[in-house]
Amino acid sequence: MFKTLLIWLFILIFTAGCTGSEHSPEKLRDLYPGNLMQVDEIHITIGATGEKKMYRDPKQIQEWLKSVQDIEFTRSPDQSKKDGFLYAVTLLEGNTAKMSFTTNSVGDTYYVTDAKLVDAIKEIVDKGVSIPAP
Numbered sequence: 056m057f058k059t060l061l062i063w064l065f066i067l068i069f070t071a072g073c074t075g076s077e078h079s080p081e082k083l084r085d086l087y088p089g090n091l092m093q094v095d096e097i098h099i100t101i102g103a104t105g106e107k108k109m110y111r112d113p114k115q116i117q118e119w120l121k122s123v124q125d126i127e128f129t130r131s132p133d134q135s136k137k138d139g140f141l142y143a144v145t146l147l148e149g150n151t152a153k154m155s156f157t158t159n160s161v162g163d164t165y166y167v168t169d170a171k172l173v174d175a176i177k178e179i180v181d182k183g184v185s186i187p188a189p
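Be aware that the sequence shown starts at 56, since it is given in the numbering used here, and climbs by one per residue.
Spelled out as structure tokens, the structure:
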């Protein structure tokens, strides 16, 4: 009887600990430090080439932000350091960078790459103005 109780107690504690460490997906608008619709400039770096694109057209920026604001960022179970990215995006207000993210990370947190986010970035990259190299 006592062993059975200990086994059940161990199982209960173990499963409670496992579920507590999981994270629910976060939306881009919730990760952004402020009002996402205040962004007035976007810079995107293409990981494969290093080419940088810039966006300043308010209508284009607002349309793109509306299309990506509800994309969910799901934490990757593997949080070990990773190298490289498909795209890196920097969101600016005024001339101040407010948030940067890649297709698989925000800050030091890694996320599962979402195909909808990659597609949305590819779509706007085709319309961007290249930033000349210094």
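Note that the Cβ used here is the ideal one computed from N, Cα and C, for glycine as well.
Could you tell me if Ser160 is buried or exposed, where buried requires 16 or more neighbouring beta carbons within 10 angstroms of its beta carbon? buried
List the endpoints of the continuous alpha helix (DSSP H) containing Leu120. 113-123
Exposed or buried, Lys108, counting other C-beta atoms within 10 Å across all chains shown (16 or more means buried)? buried
Pop quiz: Ile179 and Thr158 are said to be a contact at Cβ under 8 Å. What is the actual Cβ separation, rounded to whole angstroms? Going by Cβ atoms, the distance from Ile179 to Thr158 rounds to 13 Å, so no, they are not a contact pair.
State the Cα-Cα distance for the pair Glu96 and Lys137, rounded to the nearest angstrom. 27 Å
Note down, in chain order, each residue of its chain lying with its Cβ closer than 8 Å to the Cβ of Met154, except the 5 sequence neighbours on either side. Leu86, Tyr87, Pro88, Thr145, Leu146, Val161
Buried or exposed: Val167, going by 16 or more other Cβ atoms within 10 Å of its Cβ? exposed
Can you list, in chain order, the residues of its chain whose CB lies under 7 Å from that of Leu198, leaving out five sequence neighbours each side? Residue 198 cannot be examined here, being either before or after the span of the chain that is shown, 56 to 189.
Compute the distance between the beta-carbons of Gly183 and Ile99, then report whether it is under 8 Å. yes
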